[in-house]
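Worksheet: one structure, shown below.
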Amino acid sequence: MFIHLDAPFILNSIKKLAVIENHDITTECIVDAYPKADITWFGPSGQRLSSFAEEKIINATVISSELHCK
(Lines of atoms letter the chains of each structure in order from A and count residues from 1; the text may use other names and numbers.)
(Lines give C-alpha, C1' and ligand atoms only; values in the text may rest on other atoms or scores of the structure.)
Protein backbone atom coordinates (compact mmCIF):
# COMPACT_ATOMS: atom_id res chain seq x y z
CA MET A 1 0.00 0.00 0.00
CA PHE A 2 1.35 3.42 -0.98
CA ILE A 3 0.29 6.57 0.90
CA HIS A 4 0.92 9.87 -0.86
CA LEU A 5 2.14 12.60 1.52
CA ASP A 6 2.14 16.28 0.61
CA ALA A 7 4.43 18.80 2.28
CA PRO A 8 2.48 21.69 3.82
CA PHE A 9 1.72 24.45 1.31
CA ILE A 10 0.54 27.89 2.49
CA LEU A 11 -2.34 29.02 0.26
CA ASN A 12 -2.57 32.65 1.35
CA SER A 13 0.20 35.21 1.53
CA ILE A 14 1.87 35.81 4.85
CA LYS A 15 1.71 39.43 5.91
CA LYS A 16 3.86 41.26 8.39
CA LEU A 17 1.69 43.02 10.91
CA ALA A 18 2.31 46.35 12.54
CA VAL A 19 0.08 46.40 15.58
CA ILE A 20 -0.81 49.25 17.89
CA GLU A 21 -0.31 48.15 21.48
CA ASN A 22 -3.52 47.15 23.31
CA HIS A 23 -5.52 46.90 20.06
CA ASP A 24 -7.17 43.77 18.65
CA ILE A 25 -5.73 41.93 15.65
CA THR A 26 -7.01 39.13 13.44
CA THR A 27 -4.96 37.28 10.84
CA GLU A 28 -5.40 33.98 9.01
CA CYS A 29 -3.22 31.18 7.66
CA ILE A 30 -4.63 28.64 5.18
CA VAL A 31 -2.56 25.48 4.63
CA ASP A 32 -2.97 22.51 2.28
CA ALA A 33 -1.21 19.33 3.46
CA TYR A 34 -1.71 15.60 3.80
CA PRO A 35 -1.78 14.49 6.50
CA LYS A 36 -3.44 17.52 8.10
CA ALA A 37 -0.99 20.24 9.10
CA ASP A 38 -0.61 21.53 12.64
CA ILE A 39 -0.56 25.34 12.58
CA THR A 40 1.17 27.08 15.48
CA TRP A 41 1.23 30.85 16.00
CA PHE A 42 4.10 32.64 17.74
CA GLY A 43 4.34 36.20 19.04
CA PRO A 44 7.28 38.58 18.53
CA SER A 45 9.07 37.30 21.63
CA GLY A 46 8.65 33.67 20.59
CA GLN A 47 5.69 33.06 22.90
CA ARG A 48 3.15 30.52 21.67
CA LEU A 49 -0.22 32.08 20.74
CA SER A 50 -2.13 28.94 19.68
CA SER A 51 -4.56 29.23 22.57
CA PHE A 52 -6.03 32.25 20.76
CA ALA A 53 -6.46 30.44 17.42
CA GLU A 54 -9.60 29.00 15.88
CA GLU A 55 -9.19 26.19 13.33
CA LYS A 56 -11.62 25.31 10.55
CA ILE A 57 -11.29 22.23 8.36
CA ILE A 58 -12.16 23.27 4.80
CA ASN A 59 -11.76 19.83 3.17
CA ALA A 60 -9.69 16.63 3.55
CA THR A 61 -6.37 18.46 3.17
CA VAL A 62 -7.02 22.18 3.70
CA ILE A 63 -7.20 23.79 7.13
CA SER A 64 -7.68 27.43 8.10
CA SER A 65 -6.30 28.82 11.35
CA GLU A 66 -7.52 32.26 12.39
CA LEU A 67 -5.63 34.11 15.14
CA HIS A 68 -7.45 36.61 17.35
CA CYS A 69 -5.42 38.62 19.83
CA LYS A 70 -6.52 41.39 22.13
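My numbering puts the sequence shown at residues 326 to 395. Glycine is no exception: its CB is placed at the ideal position from the N, C-alpha and C atoms.
Worksheet item: Alpha carbon to alpha carbon, how far is E380 from E391?
Response: Using only the alpha carbons, I get a separation of about 6 angstroms.
Fill in: Proximity of I382 and A358 at Cβ, strictly below 9 angstroms
Taking 9 angstroms as the cut-off, the Cβ atoms of I382 and A358 do not count as close.
Practice prompt. Whole angstroms is fine: what's the gap from L342's alpha carbon to L330's?
Written response: Taking the straight line joining both Cα atoms gives about 32 angstroms.
Discussion item. Along the chain, where does the beta strand (DSSP E) containing K381 start, and where does it finish?
Written reply: For K381, the uninterrupted beta strand (DSSP E) segment begins and ends at 378-382.
Worksheet entry | D357, enclosing beta strand (DSSP E) - first and last residue | Per DSSP, D357 belongs to the beta strand (DSSP E) from 350-359.
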